[in-house]
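So for the sequence shown, our numbering puts the first residue at 149; every next one is plus one.
Each residue gets a CB set at the ideal place from its N, CA and C atoms; glycine is no exception.
For clarity, every value in this text was computed on a predicted model and none was experimentally measured.
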Amino acid sequence: ASDTLSELAADSKYLGTDIGYICILHTWGSTMNFHPHIHAIVLGGGLDVKNHWKDNGKDFFLPIKVISKTFRGKYMAELKQLWENDRLEFHGSAAPYKNYYAFKELLNTCYAKEWIPYCKKPFDGAESVIRYLGKYTHRIAISNYRIKDMTESTVTFSAKDYKNQGLWKEITISGEEFIRRFLMHVPPKRFVRIRHYGLLSSRNKKKKITLCRNILGCKKYISKLKDMDTPAIIRLLYNKDICKCSSCGGKIIPLPTEQHFIKPKPHMLC
């Protein structure tokens with residue numbers, strides 16, 4: 149995905165710039181099935197070789213069909229390379245693809261299909277995308293509020309039914325199956341799920357983004373989180389009041405730092 153975006157954006161036929169983007173890997177669907185996919189947040193333009201800002205207008209970034217064919221070619225080339233290096237494992241219903249001819253037939257089938265990248269401009273502005281993805285980039289496959297009931301042998305949880313207009317429904321599975329699905333999405337140690345590229349990479353971000361803002365005449369960026377305490381930040385980002393008890397509705401009153409460490413009084417002797 150990253151190679152596709154960088155290569156096409158740098159091509160003078162399409163944009164001819166160094167763009168910036170963030171890729172976020174998610175491996176699950178609503179039912180905790182194995183559904184690996186990448187969300188990419190991409191700047192609407194980039195810097196050319198002369199450090200001039202360039203974009204293709206408000207309604208166009210890169211040709212969808214070109215993205216589709218380029219990504220398909222790169223993905224399939226990587227897949228074949230893994231096969232040739234004996235680095236693929238086939239289990240369950242995929243076991244037949246251990247056979248060379250079955251695997252080759254699978255590749256031919258994949259090549260024959262049209263691959264569909266979902267590439268759209270944000271409906272409610274760029275800030276809405278950041279707010280939406282920012283809320284669950286570090287989430288796990290399922291959170292406690294979706295677990296509705298547990299017995300000695302089963303777990304019931306809510307999931308979206310995308311075959312029925314995305315309505316919520318409850319699913320009951322065995323405890324063993326619930327654990328199996330959950331563990332599929334625990335990443336290996338030190339595995340990086342969020343990566344930054346181009347203008348947004350660590351070595352470039354501060355200098356390049358400042359340059360882009362100056363070129364575009366943007367106001368100096370001041371974080372909305374500046375001078376806010378932790379409860380206020382969480383309220384703004386997640387719409388949750390951590391100072392309110394979820395049971396009784398009582399309020400926790402934060403004390404100034406110097407009052408947090410009150411010397412305890414000695415126990416009274418009876």
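When Cβ pairs closer than 8 Å are counted between the two stretches, the stretch 273-284 is seen to touch the stretch 181-200, the count reaching three or more. Annotation note: the stretch 319-368 contains the following uninterrupted beta strand (DSSP E) runs of length 3 or greater, listed N- to C-terminal: 342-346. Contact between isoleucine 215 and leucine 156 holds: CB atoms are separated by about 7 Å, below the 8 Å threshold. In terms of Cα proximity to serine 150, the closest of Arg220, Asn204, Thr179, Trp201 is Arg220. In this model, lysine 198 and arginine 338 are separated by some 37 Å (Cα to Cα). Here aspartate 159 carries a coil assignment [DSSP, helix/strand/coil]. The stretch 308-325 makes no contact with the stretch 164-174, as fewer than three CB pairs between them are under 8 Å. Around the beta carbon of glycine 397, a 10 Å sphere encloses fewer than 16 other beta carbons of the protein chains shown; the residue is thus reported as exposed. Pairing glycine 168 with tyrosine 310 gives a Cβ-Cβ distance that is not under 8 Å.
Of Asn312, Pro265, Gln229, Ile264, the smallest CA-CA separation from phenylalanine 251 is found for Gln229. Beta-bridge analysis with DSSP links valine 214 to no other residue. Going by C-alpha positions, tryptophan 263 is about 13 Å away from proline 211. As summarised for the stretch 223-304, the continuous alpha helix (DSSP H) elements at least 4 residues long and confined to that stretch are 248-260, 274-282, given in chain order. Sequence-distant Cβ neighbours of leucine 281 in its own chain, meaning closer than 7 Å and more than five residues away, are Ile172, His187, Ile189.
Of all alpha-carbon atoms in Gly194, Pro244, Ile288, Ile357, the one lying nearest the alpha-carbon of threonine 179 is that of Ile288.
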